[in-house]
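A.B. asks: The numbering of the sequence shown is the numbering used here, which starts it at 396 and goes up by one.
Ideal Cβ placement from N, Cα and C applies to all residues, glycine included.
Structure in structure tokens, see below.
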Amino acid sequence: MEHSLLLNALVYLAAAVLAVPLAKRVKLGAVLGYLLAGVAIGPWGLRLITEVEDILHFSEFGVVLLLFMIGLELAPQRLWSLRRAIFGWGGAQVLGVSAALAGAALLFQVEWKVALIAALGLSLSSTAIAIATLDERNLKGTPTGSSVFSILLFQDIAAIPMIALVPVLGVAVAEGSGQGWLGALRVVAVLAGLVIAGRFLLRPILRTIAKTGMREIFTAFALLLVISIALLMQWVGMSMALGAFMAGVLLADSEYRHALETDLEPFKGLLLGLFFIAVGMSVDFGVLRAHPGLIALLLAGFLALKIAVLLILSRAFGVPGSQRALFAFILAQGGEFAFVVFGAAHTARVFTADVASILVLVVALSMVATPLLLLLHDQVIAPRYRGNKKGPADAIETQEDHVIIAGFGRFGQIIGRLLRANQIALTVLEHDPEQIELLRKFGIKVFYGDATRIDLLRAAGAGHARALVVAIDSIEDSLALVDAVRRDFP
């Protein structure tokens with residue numbers, strides 16, 4: 396068992412290390428590299444790994460971590476400001492795409508229950524692929540990125556009633572349906588408990604752990620927090636990813652935000668890579684071989700309809716003309732929750748086994764097609780707008796001109812007083828929890844973490860800062876930090 400686990404880990408890591416750099420070298424993107432690696436090592440490739448379902452379930456934790464870290468970047472005030480975009484744009488996207496797909500299915504004499512569930516499931520997009528694309532192209536702070544994120548967040552919320560709708564339409568109605576009110580109360584109680592805990596318990600706990608000075612314990616608690624909340628949300632029948640997102644939002648204005656981001660980033664990246672590999676492994680070429688023409692038509696029709704609706708909506712959403720095709724391509728594929736919706740439909744006997752297998756394959760192939768659509772955009776569509784790009788560009792939201800002080804001992808305090816006296820914005824990176832608490836009382840922006848870490852400086856906005864003041868006691872650490880900053884932030 397132990398040897399099998401290590402061997403599987405060896406295969407995954409080797410596949411990723413070989414495929415991803417190669418895919419990026421030929422400008423296909425990291426996501427397609429992971430997907431192709433999955434196809435290569437899976438049941439229809441070299442057959443090095445066969446337990447696809449188990450790996451897919453485990454790797455979904457990468458999506459959970461991704462949503463947690465997105466939540467960390469969205470303070471409750473900003474989330475509230477996005478409410479119209481989330482429910483307006485997100486609702487329009489889900490309803491618009493679902494109506495178009497269901498209408499097309501009904502034209503081909505598909506039973507209305509099958510058409511409805513299939514259309515709802517296919518209206519969802521892949522959070523993992525879309526967010527990874529925004530990150531890779533540095534689009535998170537742009538209007539296009541905000542539109543994509545708002546729609547993805549609504550989709551995560553909408554997936555819950557979609558899954559709940561399936562047994563109602565099925566032959567076998569779920570047992571215990573009379574306990575609906577009890578389930579709803581349980582959800583409300585858990586959500587209220589999360590909000591209260593986030594407001595009054597998490598900061599004192601994080602402060603206590605930070606005082607130990609042991610980074611590995613801080614990282615362990617961060618993972619414990621995300622896993623606990625994800626499992627709790629799953630227990631009440633809600634999306635694990637949505638629960639993790641809420642936890643992130645509750646900690647978004649915490650001084651420990653950047654430390655959590657930098658500690659969890661490696662886990663998120665590895666698990667997301669594993670998720671994409673698992674999706675590549677799950678492509679059932681047996682079904683493709685049995686129905687090649689049908690699947691090709693379904694895939695082409697699905698992508699064409701979804702992209703057409705997204706292009707129409709992008710105009711209504713105010714997405715700049717040069718970004719509309721990119722907006723549509725980022726959201727064109729089927730999503731992770733489609734696998735859950737179609738699995739539930741098969742269990743409830745809304746779908747036959749063949750229908751479920753074909754739709755799952757279409758979703759997986761649409762994920763594989765996304766990097767190719769993005770390549771088409773970069774090579775064919777984007778160059779047409781480069782020549783006449785005079786209008787306002789999508790400005791990335793960055794922090795105001797500020798000064799970062801790494802370390803807040805005696806020297807750092809003197810610099811801080813001078814900056815405040817001259818009304819210059821400052822951000823402090825400090826590892827002493829008591830000092831952090833004192834600075835917060837004076838209204839100074841401060842974050843917990845090791846100031847010598849470049850990833851923490853990057854998260855604090857070092858790339859857009861006016862200056863960096865190195866005020867660390869250790870001479871060796873100071874010199875190493877200066878060298879690293881000159882290299883990474885010239």
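In chain order, what residues of the same chain have a beta carbon less than 6 Å from the beta carbon of residue 507, not counting five sequence neighbours either side?
C.D. replies: For residue 507, where only same-chain residues beyond five positions count, there are no Cβ hits under 6 Å.
A.B. asks: Kindly indicate which three-state DSSP category residue 822 falls into: helix, strand or coil?
C.D. replies: Residue 822 falls in the strand class under three-state DSSP.
A.B. asks: Can you have a look at residue 890 and say buried or exposed, based on whether 16 or more other CB atoms are within 10 angstroms of its CB?
C.D. replies: Past the edges of the chain, shown from 396 to 885, lies residue 890, and the structure says nothing about it.
A.B. asks: As a quick exercise: from 621, 469, 637, pick the residue whose alpha carbon is nearest that of residue 552.
C.D. replies: The residue with the shortest Cα to Cα distance from residue 552 is 637.
A.B. asks: In three-state DSSP terms, what is residue 746?
C.D. replies: Of the three classes helix, strand and coil, the one that applies to residue 746 here is coil, per DSSP.
A.B. asks: Which residue or residues does DSSP assign as beta-bridge partners of residue 618?
C.D. replies: Note: residue 618 sits in no beta bridge, so no partner.
A.B. asks: Going by alpha carbons, who is nearest to residue 460 out of 767, 692, 639?
C.D. replies: Here the closest residue by C-alpha is 639.
A.B. asks: Rounded to whole angstroms, what's the CA-CA distance from residue 841 to residue 826? Just pull it up for me.
C.D. replies: Approximately 10 Å between the Cα atoms of the pair.
A.B. asks: How close, in whole Å, do the beta carbons of residue 647 and residue 469 come, if the pair is a contact with beta carbons under 8 Å?
C.D. replies: The Cβ separation is near 6 Å, so the contact holds.
A.B. asks: Quick check: the segment 512–530 against the segment 676–693, are at least 3 beta-carbon pairs closer than 8 Å?
C.D. replies: The segment 676–693, when compared against the segment 512–530, does not touch it at the 8 Å Cβ threshold.
A.B. asks: Let me know the alpha helix (DSSP H) ranges lying completely inside the segment 830–884, each 4 residues or longer, listed in chain order.
C.D. replies: Correct list: 849–854, 870–883.
A.B. asks: Who are the Cβ neighbours of residue 413 in its own chain at under 6 Å, not counting the five residues just before and after it?
C.D. replies: Taken in chain order, the list of residues that qualify is empty.
A.B. asks: Taking DSSP as the reference, what is the three-state secondary structure of residue 509?
C.D. replies: Helix, per DSSP.
A.B. asks: Using a Cβ-Cβ cut-off of 7 Å (strictly less than) and excluding sequence neighbours within five positions of residue 656, which residues of its own chain qualify?
C.D. replies: Correct list, in chain order: 464, 467, 854.
A.B. asks: Is it the case that the Cβ atoms of residue 754 and residue 737 are separated by a distance below 7 Å?
C.D. replies: The answer is yes: Cβ separation under 7 Å.
A.B. asks: Let's see if you can read the secondary structure: which residues bound the alpha helix (DSSP H) around residue 725?
C.D. replies: Unbroken alpha helix (DSSP H) run through residue 725: 719–725.
A.B. asks: Does DSSP put residue 490 in a helix, in a strand, or in coil?
C.D. replies: Reduced to three states, the DSSP call for residue 490 is helix.
A.B. asks: Classify residue 600 as helix, strand or coil using the three-state DSSP reduction.
C.D. replies: Looking at residue 600 - three-state DSSP - the assignment turns out to be helix.
A.B. asks: DSSP three-state call for residue 678: helix, strand or coil?
C.D. replies: Three-state result, residue 678: coil.
A.B. asks: Just how far apart, CA to CA, sit residue 794 and residue 678?
C.D. replies: Below a pLDDT of 50, predicted positions are generally treated as unreliable, and residue 794, at 49, falls in that range; the measurement from the model is reported next regardless. Distance between the alpha carbons of residue 794 and residue 678: 43 Å.
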